[in-house]
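Undergrad:
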Amino acid sequence: MDVLFALYPWIKALHIIAVISWMAGIFYLPRLFVHHTEQVTPGSETDQLFQMMERKLLKVIMTPAMIVTWACGLFLAVLPGVVDWGAVWPWLKLASILGMTWFHMWLAARRKDFVAGTNERSGKQFRIMNEVPTVLLVVIVVSVIVRPI
415 MDVLFALYPW IKALHIIAVI SWMAGIFYLP RLFVHHTEQV TPGSETDQLF QMMERKLLKV
475 IMTPAMIVTW ACGLFLAVLP GVVDWGAVWP WLKLASILGM TWFHMWLAAR RKDFVAGTNE
535 RSGKQFRIMN EVPTVLLVVI VVSVIVRPI
């Protein structure tokens with residue numbers, strides 16, 4: 415058990431680094447979709463360039479960062495004495511993390527729409543959806559830091 419507690423600060427640091435990386439991608443990919451939708455002709459060289467950037471952002475940065483975030487978060491959550499599961503805040507955080515994971519999967523599905531040439535969403539719709547992770551991030555951070563309930 416002493417080894418687990420010795421690893422705690424390192425796992426927590428890795429968790430924070432992974433969260434920052436994941437969030438950077440979660441905020442940027444919908445912006446790429448906005449520009450892809452509004453300024454790119456399907457089938458053009460620019461379309462292929464956007465698809466490559468979107469694929470790499472999702473597969474090389476976002477998905478690995480999400481996996482590390484989850485793995486480290488689960489390690490921290492099950493460590494005895496770290497989380498009071500009788501309180502409301504960890505459940506609120508968990509619900510928000512599940513929402514963030516859903517959003518990640520939603521973005522992955524939208525990328526496939528661009529690849530298939532079937533995107534029907536507007537730049538405005540992507541701009542609106544880009545607010546979802548902001549709201550979830552606020553709930554997560556306030557839940558962990560302030561622990562209001």
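Numbering (this note's numbering), first residue to last: 415 to 563. Beta carbons are placed, not taken as given, at the ideal position from N, Cα and C, and that holds for glycine.
#1: Tell me, to the nearest whole angstrom, how far the beta carbon of residue 439 is from that of residue 481; I am working on the premise that it is less than 8 Å.
#2: Out of 547, 533 and 516, point me to the one whose CA is closest to residue 451's CA.
#3: Taking the alpha helix (DSSP H) that residue 534 falls in, what are its first and last residues?
#4: From residue 528 to residue 441, what distance separates their C-alpha atoms?
#5: Is the separation between the beta-carbon of residue 445 and that of residue 544 shorter than 9 Å?
#6: How is the alpha helix (DSSP H) around residue 476 delimited, first residue to last?
#7: To the nearest angstrom, report how far apart residue 472 and residue 464 are at their CA atoms.
TA: According to the structure shown:
#1: With a Cβ gap of about 13 Å, residue 439 and residue 481 do not count as contacting.
#2: 533
#3: Neither: residue 534 is in no alpha helix (DSSP H) and is coded neither H nor E.
#4: 18 Å
#5: yes
#6: Looking at the DSSP string, residue 476 is not in any alpha helix (DSSP H), and its letter there is neither H nor E.
#7: 12 Å
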